[in-house]
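Numbering (this note's numbering), first residue to last: 8 to 335.
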C-alpha cells in the first residue's frame, strides 16, 4: 500500500463534501468523522491512493463491490460495513448534485442484514440503587478526605442525582442532557426542551422524582454562583463550566461500584431502560418513538423485543405449567 491511513491527504471534493455535512446538513462532528473515515478506507483498500485524486468518475460498481469484499476480509462487522457504504453513497450523491460524476456506483448493492442485538436495560430496582449510591459515594469520599469541601460534595452529589433522574425520566442521550441550557428546563411544568441529533428539537418529560432532584441541584448550583442567563449551561462542573460526558461517565463508574451494579452500565442504558419500562407499562410505540426522538419507528421497535423477552422470562419462572415442565 502506498499510503497509511493517517497520511492520506484530503482533496477539494472530499473537503467540499465535509463542508456540506457541517453547514447544510448540520451533522455532528462524530458523523462527519465517520463519513471521512469511510471514504478514506475506500481510498486505501480499493484505490490505493490518497483523496486528492480527481478520478472519482472512474469509480465503478465493480470497485464498489470490491470495497464490500475488502471490508469483510479485513474483519469489519456487518454494521460497520453498512455505515461505510452509507458514507460512500452519500459522498457520491453529493458529487452527482455537484455535477462531478454522472452515476452512484454504491446504489443498489446487495443489502447486508445486520444481526440485531437487544439493548441491555436496568431494572427499576437497579435504577433506584444507582441513584441511592450517589449520596453514599460522596459521603464516603468526604469522610476519606478525597474531596475539596463538604459543599463541593453536596453540589456534585445533587447534580449527578439530577442528571441520572433526568436521563431516566426523559429518555435522554448523555449529549442531550449535558447540552441543556438554564432556560431549557421548565421544572414547574415538568418539561424540558431537548436538542437531539441533527439539532432537531423535542420536548421531554420530567417526572416528580426528576423535578425534585433538579430543584435540589439548582439550589446548590445557584448558591455556587452558576449563571442564570438563558444560554448558561444547566449542568456545571465545580469550576463553573459545562460538565463534560467524560466527567460524568467517570463518576458513574464509581456509583456503579458503590451500588454493586454491573460496571458496563452506561448513561445510554438508562435511556434504553426508560423506553423498555414505558412499553412494559403499556405505553404505545408511537409515543415512545416521539419521546426518544427516533426518526424511524423501526428504531424504536427493538424495545418491544426487549419487553417480550422480559415477559417470556417472567412467564417461564412463574407460570405453573412452564415451571412444572421445567422441573421434569
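Note that CB positions come from ideal geometry on N, CA and C, so glycine has one too.
Here's the rule I'm using: 16 or more other beta-carbon atoms within 10 Å means buried, otherwise exposed. How should residue i be labelled?
i           : result
residue 256 : exposed
residue 37  : exposed
residue 131 : exposed
residue 248 : exposed
residue 169 : buried
residue 54  : buried
residue 265 : buried
residue 25  : buried
residue 303 : exposed
residue 192 : buried
residue 276 : buried
residue 217 : buried
residue 22  : exposed
residue 155 : exposed
residue 176 : buried
residue 150 : exposed
residue 282 : buried
Flag this pair as yes or no: are the beta carbons of residue i and residue j separated by less than 8 Å?
i           : j           : result
residue 298 : residue 152 : no
residue 184 : residue 280 : no
residue 167 : residue 141 : yes
residue 263 : residue 270 : yes
residue 213 : residue 232 : no
residue 204 : residue 35  : yes
residue 292 : residue 307 : yes
residue 92  : residue 116 : yes
residue 251 : residue 286 : no
residue 33  : residue 206 : yes
residue 90  : residue 41  : yes
In terms of residue numbering, what span does the alpha helix (DSSP H) encompassing residue i cover?
i           : result
residue 263 : 252-266
residue 223 : 215-230
residue 145 : 131-150
residue 66  : No alpha helix (DSSP H) holds residue 66; DSSP gives it neither H nor E.
residue 248 : Looking at the DSSP string, residue 248 is not in any alpha helix (DSSP H), and its letter there is neither H nor E.
residue 32  : Neither: residue 32 is in no alpha helix (DSSP H) and is coded neither H nor E.
residue 154 : Note, residue 154: premise wrong, no alpha helix (DSSP H); not H, not E.
residue 274 : 274-287
residue 297 : 292-299
residue 53  : Per DSSP, residue 53 belongs to no alpha helix (DSSP H) and is neither H nor E.
residue 113 : Neither: residue 113 is in no alpha helix (DSSP H) and is coded neither H nor E.
residue 181 : 181-185
residue 92  : 85-104
Looking only at its chain, what residues have a beta carbon closer than 6 Å to the beta carbon of residue i, apart from the 5 residues adjacent to it on each side?
i           : result
residue 171 : 138
residue 221 : 169, 194
residue 68  : 112
residue 165 : 223, 224, 227
residue 300 : 203, 209
residue 158 : none
residue 190 : 237
residue 272 : 263
Give every residue of the same chain whose Cβ lies closer than 8 Å to the Cβ of residue i, excluding the five residues on either side of it in the sequence, and list them in chain order.
i          : result
residue 88 : 75, 78, 79, 119
residue 95 : 45, 46, 49, 71, 74, 113
residue 81 : 52
Between the Cα of residue i and those of the options, spot the shortest distance and give me the residue it belongs to.
i           : options            : result
residue 278 : 174, 304, 211, 263 : 174
residue 163 : 301, 243, 97       : 243
residue 254 : 182, 295, 192      : 182
residue 209 : 155, 148, 296      : 296
residue 147 : 261, 200, 215, 64  : 261
residue 97  : 27, 69, 165        : 27
residue 18  : 180, 202, 43, 85   : 43
residue 229 : 272, 161, 311, 285 : 161
residue 105 : 283, 20, 211       : 20
residue 267 : 82, 288, 144, 309  : 144
residue 211 : 180, 234, 219, 235 : 180
Where do the N-terminal and C-terminal ends of the beta strand (DSSP E) with residue i fall, by residue?
i           : result
residue 202 : 198-202
residue 210 : 208-212
I'd like the list of long-range same chain contacts for residue i, defined as Cβ closer than 7 Å, with 5 residues on each side in sequence excluded.
i           : result
residue 188 : 237, 238, 239, 240, 241
residue 108 : 63, 64, 99, 102
residue 29  : 39
residue 258 : 167
residue 284 : 131
residue 84  : none
residue 66  : 112
At a cut-off of 7 Å, is residue i close to the ligand ATP when judged by its beta-carbon and the heavy atoms of the ligand?
i           : result
residue 310 : Among the ligands in the structure shown, none appear at all, so the ligand ATP cannot be discussed.
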